[in-house]
Structures are given as C-alpha cells and as structure tokens.
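> Sharing a structure, written as structure tokens. Questions coming.
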Amino acid sequence: MPHILIVEDEAAIADTLVFALQGEGFTTTWLSLAEAALEFQQRTPADLLILDVGLPDISGFEACKRLRRFSEVPVIFLTARDAEIDRVVGLEIGADDYVVKPFSPREVAARVKAILKRMAPRSSEAVAEAGGPFRVDAERVQIHYRDQLLVLTRHEFRLLQALLAQPERVFAREQLLDALGVPADAGYERNIDSHIKSLRAKLRQVVVDAEPIQTHRGLGYSYSPRHA
Ligand code: CA
Numbered sequence: 035m036p037h038i039l040i041v042e043d044e045a046a047i048a049d050t051l052v053f054a055l056q057g058e059g060f061t062t063t064w065l066s067l068a069e070a071a072l073e074f075q076q077r078t079p080a081d082l083l084i085l086d087v088g089l090p091d092i093s094g095f096e097a098c099k100r101l102r103r104f105s106e107v108p109v110i111f112l113t114a115r116d117a118e119i120d121r122v123v124g125l126e127i128g129a130d131d132y133v134v135k136p137f138s139p140r141e142v143a144a145r146v147k148a149i150l151k152r153m154a155p156r157s158s159e160a161v162a163e164a165g166g167p168f169r170v171d172a173e174r175v176q177i178h179y180r181d182q183l184l185v186l187t188r189h190e191f192r193l194l195q196a197l198l199a200q201p202e203r204v205f206a207r208e209q210l211l212d213a214l215g216v217p218a219d220a221g222y223e224r225n226i227d228s229h230i231k232s233l234r235a236k237l238r239q240v241v242v243d244a245e246p247i248q249t250h251r252g253l254g255y256s257y258s259p260r261h262a
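Here it is as structure tokens:
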C-alpha cells in the first residue's frame, strides 16, 4: 500500500486527511514539523507528501526545497492564502499539486490517487529495464540497490547512473564531472572522489562487503557487476 506522509500542524486538519486516506486504503504518517518530516523521509521514504505551507518551524516551501536535494517524491501543498498559491503555481518549488484550505479531504485523496497513478507506469518501466542488483528510475531520480532505496544527492544519483549505464567501463574523473554537468575544471576533480566515497558508504549500508564501484588507480572508476 502506498504510504502518505502528512505534514500539518493543525491536528483537526491532519485527522480528516488521515481518515480520508486510510479510507482509500493508504497507510499514513502524520508529523507536525517540517524538520521531523525531512528526517523521516530520509530514513523511511513515503510515496507522497502532503505538505502544509504554514508550519511552525520552517515553511513548507523551504521544506520542499530541502526535500528536493535528495528526493523526487511527489508533493501536494496545502495552502491557506492567495499569496502562497501564486508561489506554488509558479512551480519553482517543485510541487506536483496543491489544494487550498478549507478543502474536502476526499478531494485530496482523489488527487493523491491521480498523482500516484501517473507515476506508476514509469516505475514499472524502470523495473522492466532492470538487470542486476540495481534499479534506476530516472523519472523519479531514484536508484534501488537490492530492493532498497538509496537516499542519494542529485550528484550521487547522476554519478551512479552514469557508472551503471556502462558496466566495466572505466570513467576518468573528467568524464564523471561531465555526467554531473559540472565543467571539468581542475579544482572539481577531487569532488568526484568525495562523492564516490559517500556513495560507497551508502552502498555498504545495504551490502556490507560489496564493492560495485571499483577504483582504477590513475585512471578513474568503473561499475563492476561481479562485485555488486
Ligand atoms: Ca499550518
């Protein structure tokens, strides 16, 4: 069952959402602070977030910006004011939809279903293309490793995606910078090493002794399915 994370500081509103969504068969988690929601999403990613714009700690907009550094999970904003709506509609924030308070919880549940339905074919395509222990979903900017979602920064995602696309190919650091869309200036090449280091740490959280990313001294890095 899809898991919906509701981030809303007004208990009465959250309650009606929980009730409507559970009635549609979704599982739900309710949190009232944005910081807690971001932590939650990093640990146990929900399939969709319903995010109130007016939260007590940081605004829903700021929360969504931070969320987008590590996740492409669909977001529906709950807005209370016209000024907020303008910003949401401007889409600079990276939301998928919004509803204006007061709203009908059933309407929100219908939007949730519509968005998840839109996403579903993409995910199954990604699964169909899969081979080996990695599953890359370019649309959602997600990579699963042995069925576990890796929580990656955008740079880590692009790096791993580039390596996985051509198994056993040795990529020079400049070529990997290219994959990140970063100009191949000398100073940036060491950044690749630190991204690789953090990627490896994340892979080892899934399989302790796996070394799918191989170092080729003086040359660069490759993805080796044999070591995955
Ligand atoms: Ca609020």
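One gets my numbering by counting positions in the sequence shown from 1 and adding 34 to each. In this text, a Cβ means the ideal position worked out from N, Cα and C, and glycines have one as well. Since the model is a prediction, treat every value here as computed from it, not as a measurement.
#1: Would you mind working out which of V240, D181, S232, L198 sits nearest S256, comparing C-alpha positions?
#2: Between the C-alpha atoms of H178 and R234, what's the straight-line distance to the nearest angstrom?
#3: Assuming V107 and Q75 form a contact by the criterion Cβ under 8 Å, report the distance between their Cβ atoms to the nearest whole angstrom.
#4: In angstroms with no decimal places, state the Cα-to-Cα distance between R140 and D49.
#5: Contact defined as beta carbons within less than 8 Å: I believe L101 pairs with V41. What is the distance between those atoms, to the nearest angstrom?
#6: Check whether the Cβ of D49 sits closer than 6 Å to any heavy atom of ligand 1, and report yes or no.
#7: Taking the beta carbon of S105 as the centre, do at least 16 other beta carbons fall within 10 Å, making it buried, or is it exposed?
#8: What is the DSSP secondary structure of Q75, counted as helix, strand or coil?
#9: Which residue wins for smallest C-alpha separation from V240, given the options R174, A54, A262, L211?
#10: Within its chain, find whatever has a CB closer than 7 Å to the CB of N225; leave out the 5 residues flanking it on each side and keep chain order.
#11: Give me whichever residues DSSP pairs with S256 in a beta bridge.
#12: Do L83 and V52 have their CB atoms nearer than 7 Å?
#13: Please report how far the alpha carbon of A68 lies from the alpha carbon of R180, in whole angstroms.
#14: Are the beta-carbon atoms of K236 and L194 separated by less than 7 Å?
#15: Just to check my reading of the structure: D130 and I149 have Cβ atoms closer than 8 Å, yes? What is that Cβ distance to the nearest angstrom?
#16: Using the Cβ count rule (16 or more neighbours within 10 Å means buried), how would you classify P136?
#17: Excluding five sequence neighbours on each side, which residues of the same chain lie with their C-beta closer than 7 Å to the C-beta of D86?
#18: On the three-state DSSP scale, how would you describe V175?
From the atom records:
#1: By one-based count along the sequence shown, residue 256 stands at place 222. The shortest Cα separation from S256 among V240, D181, S232, L198 belongs to L198.
#2: To locate residue 178, count along the sequence shown from 1; it is residue 144. To locate residue 234, count along the sequence shown from 1; it is residue 200. H178 and R234: Cα-Cα distance of roughly 14 Å.
#3: Indexing the sequence shown from 1 puts residue 107 at position 73. Indexing the sequence shown from 1 puts residue 75 at position 41. Correct: roughly 7 Å between the Cβ atoms.
#4: If you number the sequence shown from 1, residue 140 lands on position 106. If you number the sequence shown from 1, residue 49 lands on position 15. Each residue's Cα considered, the two are about 13 Å apart.
#5: The count along the sequence shown starts at 1 and reaches residue 101 at position 67. The count along the sequence shown starts at 1 and reaches residue 41 at position 7. About 10 Å separates the two Cβ atoms, so there is no contact after all.
#6: Counted from its first residue, the sequence shown places residue 49 at position 15. Outside the cutoff, so no.
#7: Stepping through the sequence shown from its first residue, residue 105 is reached at position 71. Burial call: buried.
#8: As a working note, residue 75 is residue 41 in the sequence shown. Residue state, collapsed to three classes: helix.
#9: On the sequence shown, residue 240 is found 206 positions in, with the first residue counted as 1. Among R174, A54, A262, L211, the Cα nearest to that of V240 is on A262.
#10: For the purposes of this step, residue 225 is taken as residue 191 along the sequence shown, with counting starting at 1. Excluding sequence neighbours, N225 sits near nothing in its chain.
#11: Taking the first residue of the sequence shown as position 1, residue 256 is located at position 222. S256 is bridged to Q248.
#12: Here residue 83 refers to the residue found at position 49 when the sequence shown is read from its first residue. Here residue 52 refers to the residue found at position 18 when the sequence shown is read from its first residue. Taking 7 Å as the Cβ cut-off, L83 and V52 do not qualify as a contacting pair.
#13: By one-based count along the sequence shown, residue 68 stands at place 34. By one-based count along the sequence shown, residue 180 stands at place 146. Cα-Cα distance, rounded: 30 Å.
#14: One-based indexing of the sequence shown puts residue 236 at position 202. One-based indexing of the sequence shown puts residue 194 at position 160. Result no, Cβ atoms of K236 and L194 do not sit closer than 7 Å.
#15: To locate residue 130, count along the sequence shown from 1; it is residue 96. To locate residue 149, count along the sequence shown from 1; it is residue 115. The pair is a contact, with the Cβ atoms about 5 Å apart (cut-off 8 Å).
#16: Taking the first residue of the sequence shown as position 1, residue 136 is located at position 102. P136 should be labelled exposed.
#17: Along the sequence shown, read from residue 1 onward, the residue named residue 86 stands at position 52. Excluding residues within five positions, the ones whose Cβ falls inside 7 Å are V41, E42, D43, G94, L112.
#18: The residue you call residue 175 lines up with position 141 of the sequence shown. Of the three classes helix, strand and coil, the one that applies to V175 here is coil, per DSSP.
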